[in-house]
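Asks:
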Amino acid sequence: HRHLPGFRKIDGVEIVAVCNRSEESTNRFSDENNIPHRFSDWRDLVHSPEVDAVVVGTWPYMHRDCSIETLKAGKPVFCQARMARNLEEAREMLAAQKESGQVAMLCPPPIGLKWDRVIKRLLAEKTIGKVLTIRVSMMGGDYLDHDAPIHWRQIREYSGNNVLTLGIMAEVIHRWFGKHKSAMAYAQTHVTARMDPATGEEREVDIPDAVWVNGEMENGALIQYSFSGLAHLALKNCVEIYGCHGTIVYDFVEEKILTAQLGESSLKEMALSDDQSKVWEVELDFIRAVRGEAQPEPSFEDGVDYMEWVDAVTKSYRMGAKVTLPLGG
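Structure below.
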């Protein structure tokens, strides 16, 4: 549902086929949206002569198989984020893309997108000097309810190693600051088992409810992440950037940027105009890439980079030890 309106606005693009998890869901979606072809097996959709490109909108456990099958069929693929369940699957997807030569794009996060160009400009102009410390806070209280059923994002079999917005924020941080060099992570699970609506039985929650990460960046900065689903009325989700000449804060809740130079006693909101902003138009971005008018962004290479960070964090909190990047294998 999320991407359908965006694709339908683009000249020369038709949504011609659908395959959902159940036949009932496929039929309902087709009927509601006047989609001519419906499939009970996703492989039949991929290989249909009516289909020129494929959108993989499944949970992450299907991303590798669907994407690789599409690329082997000689068709471009747009894959929902997170790229895969883990780094190994992501690397397989990238290898398939390189072998096929087809366009492959991942869905970018809307978080941090609006003023992305402004942040990049402020950093390029060194308005706060050398970046020394970065702090990322993404906290809420969604997982405090003991009685809430398990969500697929809390099941590793479906969601993989990603925790909350760990992968999303890695993607944002990579865009602005480059790659991570190390991770030391701590994880917490408050409710260890929840009711699975699919079976009516209790199921283990095997993805943490909260993760804290201390890390080093390749550019020399230190970084700290706070991800939690256990924080009632947490303060605003934001990225704080501390340099030797001042501070930049991107407030994701109110979509504003605050800055202060050394010697100033308070943060002040930047006056920003719409012509400096970016709009989330991922469907158009993908079609432009397919038509050869732009490079796919984020690419499968970008996805491998953030999945490597997700796996490093997972490895760290499981081992209780610092993990350095790049990871082998």
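In the working numbering, the protein residues as written are 699 to 1027. Every residue, glycine too, gets a C-beta built ideally from N, C-alpha and C. Keep in mind the model is a prediction, meaning the values are calculated, not measured.
1) Would you kindly check if the distance between the Cβ of H735 and the Cβ of A715 is under 8 Å?
2) Since I believe N935 is in contact with M836 (beta carbons under 8 Å), could you give me their beta-carbon distance rounded to a whole number of angstroms?
3) Taking the continuous beta strand (DSSP E) assigned at E938, which residues delimit it?
4) Here's the rule I'm using: 16 or more other beta-carbon atoms within 10 Å means buried, otherwise exposed. How should N860 be labelled?
5) Using the Cβ count rule (16 or more neighbours within 10 Å means buried), how would you classify D709?
6) Around the Cβ of E767, are there at least 16 other Cβ atoms within 10 angstroms (buried) or fewer (exposed)?
7) Is any beta-carbon of chain D found at less than 8 Å from that of L970?
8) With distances taken Cα to Cα, identify the nearest neighbour of P774 among V988, I866, N731 and V889.
9) Mind reading off the beta-carbon distance from P807 to I866? Whole number of angstroms is fine, and I expect it under 8 Å.
10) So the beta strand (DSSP E) R901 belongs to, where does it begin and stop?
11) Only counting the same chain, and skipping five residues up and downstream in sequence, which positions put a Cβ closer than 6 Å to that of M803?
12) The beta strand (DSSP E) spanning T831 covers which residue range?
13) Thinking C-alpha only, which one of W978, A881, H849 and P996 is nearest D1009?
14) In angstroms with no decimal places, state the Cα-to-Cα distance between E786 and Y948.
15) Between which two residues does the alpha helix (DSSP H) carrying S753 extend?
16) In this structure, does DSSP put V1008 in helix, strand or coil?
17) Should H930 and L792 be called a contact, given that it needs their Cβ atoms to be closer than 8 Å?
18) Indicate the three-state DSSP secondary structure (helix, strand or coil) for I946 in the structure shown.
19) What residues match up with F776 in a beta bridge as DSSP calls it?
20) Please report the Cβ distance between G704 and L965, rounded to the nearest whole angstrom; I am assuming they are in contact, meaning their Cβ atoms lie under 8 Å.
21) On the DSSP bridge list, what partners appear for F925?
22) Taking DSSP as the reference, what is the three-state secondary structure of M882?
Replies: Let me spell this out:
1) Contact: yes.
2) Rounded, the Cβ-Cβ distance is 5 Å, consistent with contact.
3) Where E938 is concerned, the enclosing beta strand (DSSP E) starts and stops at C936 to G941.
4) Looking at its Cβ environment, which holds 16 or more other Cβ atoms inside 10 Å, N860 is buried.
5) Under this definition D709 is an exposed residue.
6) Result: buried.
7) Structure shown: chain D not included; a single protein chain is present.
8) P774 has its Cα closest to that of V988, out of V988, I866, N731 and V889.
9) That pair is a contact at about 4 Å.
10) Going by DSSP, R901 is part of the beta strand (DSSP E) stretching over E899 to E902.
11) Cβ neighbours of M803 beyond the five flanking positions: F776, F984, A987 and P994.
12) Taken as a continuous stretch (DSSP letters only), the beta strand (DSSP E) holding T831 covers V829 to M837.
13) Considering only alpha carbons, the answer is A881.
14) Rounded to the nearest angstrom, the two C-alpha atoms are 33 Å apart.
15) Contrary to the premise, residue 753 reads as Val rather than Ser in this sequence. Careful: V753 lies outside any alpha helix (DSSP H), inside the beta strand (DSSP E) at V752 to V754.
16) Helix.
17) 8 Å or more divides the Cβ of H930 from the Cβ of L792.
18) I946: strand per DSSP, three-state reduction.
19) Paired residue(s): V753 and M803.
20) With 8 Å as the limit, G704 and L965 do not qualify as a contact, their Cβ atoms being about 35 Å apart.
21) Secondary-structure assignment with DSSP links F925 through a beta bridge to M836 and V909.
22) It is a strand residue.
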